[in-house]
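Going by UniProt numbering, the sequence shown opens with residue 1, and the numbers climb by one from there.
C-beta: ideal position from N, C-alpha, C; glycine also.
Remember, predicted model here, so these are calculated numbers, not experimental data.
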Amino acid sequence: MKTIKVSVVTPDGPVYDADVEMVSTKAKSGELGIMAGHVPMVAPLDIAAVRLKHSGHTDYIAVSGGFLEVRPDVVTILALSAEKAESIDLGRAQTAKARAEKWLEDQQNSTDTKRAQLALRRAINRINTAEHK
Ligand code: ATP
């Protein structure tokens with residue numbers, strides 16, 4: 001099967017580089033699935049897992065938003081943060097989840113609610129992605 005090169009980069013540096021058969025993730029506009037030959041495009045990403053299928057195996061990466069760019073034969077994901085499933089510190093994500101939940105319980109009407117909701121979504125995404133290590 002034809003493959004496409006994928007690079008996942010963050011402000012801290014590269015996280016993943018491989019040739020894959022399919023990249024799938026959740027963009028702001030909905031689910032995306034990209035294979036070799038896809039038309040060039042740029043899509044803003046949601047807080048979600050990126051799934052990278054190759055050689056009968058799927059790698060999972062938790063990303064916290066950013067952009068996905070498709071060019072001929074290469075997909076670049078510029079992520080605000082990105083962790084491979086095996087690099088996720090589950091305890092840290094669980095602590096972040098509990099902290100955000102407590103904050104939301106205590107301060108329901110604060111203007112910082114959106115921040116806590118995003119922190120909660122990042123933590124849940126990391127916890128779910130870590131299941132695929
Ligand atoms: P925390 O409150 O635990 O810092 P956060 O969602 O606020 O979580 P971010 O600001 O998204 O964290 O990320 C800061 C840096 O820490 C990034 O480099 C990110 O990859 C890393 N990071 C955050 N949480 C985890 C985790 N559970 N495991 C591994 N790396 C993490």
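Through-space distance from residue j to residue i, alpha-carbon basis
i	j	result
H132	A93	15 Å
A119	K97	7 Å
L78	K26	14 Å
T10	T76	11 Å
V8	D106	36 Å
R51	T58	6 Å
L68	W103	31 Å
A36	D12	28 Å
T95	S110	21 Å
P14	D73	18 Å
N45	M1	It is worth fixing the name first, because residue 45 is Leu in this sequence and not Asn. Taking the straight line joining both Cα atoms gives about 26 Å.
Selected residue, minimal CA-CA separation from residue i, among the options
i	options	result
R115	D106, A100, N128, E69	A100
K28	V42, T76, L52	V42
K53	R71, A18, V74	A18
A34	G91, T95, L80, R71	The residue you asked about is not Ala; residue 34 is Ile in the sequence shown. With distances taken between Cα atoms, I34 lies closest to R71.
D89	I124, D73, G13	I124
Run of the alpha helix (DSSP H) containing residue i, from where it starts to where it stops
i	result
L118	113-130
A93	90-106
Test item: CB-CB of residue i and residue j under 9 Å
i	j	result
L126	E83	Checking the sequence, you will find Arg at residue 126 rather than Leu. Yes. Within cutoff.
E31	T3	no
I47	Y16	no
T113	A49	no
L80	G66	yes
CB-CB length for residue i against residue j, believed under 8 Å
i	j	result
R122	S64	5 Å
V6	V23	6 Å
Beta strand (DSSP E) segment containing residue i, residue limits
i	result
K53	41-54
L80	It is not in any beta strand (DSSP E) - L80 carries neither H nor E in the DSSP assignment.
A27	22-27
Residue i CB to nearest heavy atom of ligand 3 below 8 Å
i	result
D12	The ligand content of the structure shown is limited to ligand 1, which means ligand 3 is not among them.
Residue-level contact to chain B via CB, residue i, 9 Å cutoff
i	result
M35	The question asks about chain B, but that chain is absent: this structure has only one protein chain.
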